[in-house]
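Using numbering that gives the first Met the number 0, read the sequence shown as starting at 0 and increasing by one per residue. Just so you know, even glycine gets a beta-carbon here, dropped at the ideal spot from N, CA and C. Keep in mind that this is a model prediction, so the values were computed, not measured.
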Amino acid sequence: MAHVEVLIFLHSIATFIGLVILARLLKQNLMTLIAFGLAAMAGVASLNGRVPWSDWLVATVTWILLTLLIQLASLKSPQFATLVGQQPTIVVQGGKVLEDNLRKAQTPLSQLLSMLRQKNAFQVADVEMGVLEPDGQLSVLLKSESQPVTPKQLNIPVENTAAPVDIVIDGMVQAQALTQLGVSRSWLAEELRRKQITDIRAVMLAQVDGNGIVHVDLYDDTSTAPPTRSNAHPSTLATLKKAQADLESFAMETQNPAAKQLYTTCAQSLQRVIAQTTPFLEEPK
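Written as structure tokens, this is what we have:
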């Protein structure tokens, strides 16, 4: 029995080395192929009753240990990482294709051009750097003059866009999302009423975007619920009140007369803002 397990151990090592070579030749992700191999071994052991579980266990443990060994060696030695294909390769730099690196990566020029087009880079001259990743994907950095213009480059101030919050999913109210927004179920019912929706079970999905606009998608695709801006922002009102309280506290604590006067003036100004916006920010009763 021990002799058989030793043979399985040696066969597992040989098969693993063959897989590493195959991944290197085909420029495939080694870890993905190893995962497929482990899954295949588990499937064979499950479906083929003639395969002893001890044999499967020896092969699986051997592969796992070899995988950990490769990962450790790749961390310790960049040369080893390159040998097993776990290092990125620069194939385009400064608008020029690096032919030697492309040849080492065993990637045809036509394939490189296709991968560049998939990254919206139709001219090699527009590419500052192109990196062929270990998983075969191409990462592209366009030259500054070829990159899309952003508001930051034009010195245009823009607000950060917050991720939408799902408040209704499959007709079910998401209580945690309402708590996150600082609103209640009555607020949600009022928002749906404004869209002429009386039964929440008719709502497939309802979201609140970063601007406080409520979007509703109904199960009935023939009906549409126009997006509405929520008038209730109790969390914003609470933030304003906290800021006013902080300013008043700073005014009391500071010994600097100029700072005390500034804090007091700002707190009074904020109080006027709170008084004017409360009817619009507070949750309707």
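Worksheet item: Over what stretch of residues does the beta strand (DSSP E) that includes Gly-129 continue unbroken?
Response: 126-131
Worksheet entry | Range covered by the beta strand (DSSP E) that runs through Ala-205 | 202-207
Practice prompt. Find the nearest neighbour of Thr-264 within the set Asn-159, Ala-244, Thr-277 and Thr-276, judged by alpha-carbon distance.
Written response: Ala-244
Fill in: First through last residue of the beta strand (DSSP E) which encompasses Ser-332
Nothing about residue 332 can be reported from this structure: the residues present for the chain run from 0 to 284 only.
Item to complete: Alpha carbon to alpha carbon, how far is Arg-23 from Asn-119? Give it in angstroms, no decimals.
Response: 28 Å
Worksheet item: Which whole runs of the beta strand (DSSP E) in the segment 8-36 are 3 residues long or more, in chain order?
Response: none
Worksheet item: Three-state secondary structure (DSSP) at Asp-220?
Response: Of the three classes helix, strand and coil, the one that applies to Asp-220 here is coil, per DSSP.
Worksheet item: Between which two residues does the alpha helix (DSSP H) carrying Ser-53 extend?
Response: Looking at the DSSP string, the run of the alpha helix (DSSP H) that includes Ser-53 is 52-75.
Item to complete: With distances taken Cα to Cα, identify the nearest neighbour of Met-128 among Ala-274, Arg-116, Val-50 and Leu-141.
Response: Leu-141
Worksheet item: Among residues of its own chain, excluding the 5 on either side of Leu-112, which ones have a beta-carbon nearer than 7 Å to its beta-carbon?
Response: none
Fill in: With 16 other Cβ atoms within 10 Å as the buried cut-off, status of Glu-98
exposed
Item to complete: Decide if Leu-46 is buried, meaning its Cβ has at least 16 other Cβ atoms within 10 Å, or exposed.
Response: exposed
Item to complete: List in chain order: all unbroken beta strand (DSSP E) runs of 3+ residues lying wholly within the segment 74-117.
Response: With a minimum length of 3 residues, the continuous beta strand (DSSP E) runs that stay inside the segment 74-117 are 88-92.
Fill in: Candidates Gln-136, Val-96, Leu-29 and Thr-238: closest to Ile-69 by CA position
Leu-29
Worksheet item: Taking the continuous alpha helix (DSSP H) assigned at Thr-149, which residues delimit it?
Response: Note, Thr-149: premise wrong, no alpha helix (DSSP H); not H, not E.
Worksheet item: By how many angstroms is the C-alpha of Ser-109 removed from the C-alpha of Val-50?
Response: 46 Å
Fill in: Cβ-heavy atom distance, Val-213 to the ligand MG, below 7 Å
For the ligand MG, the structure offers nothing, since it holds no ligand at all.
Worksheet entry | Separation of Gly-135 from Ser-53, as counted between CA atoms | 36 Å
Worksheet item: Helix, strand or coil: which one does DSSP assign to Ile-196?
Response: DSSP places Ile-196 in coil when its eight states are reduced to three.
Item to complete: Rank Leu-37, Thr-31 and Leu-25 by C-alpha distance to the C-alpha of Ser-11 and give the top, closest one.
Response: Leu-37
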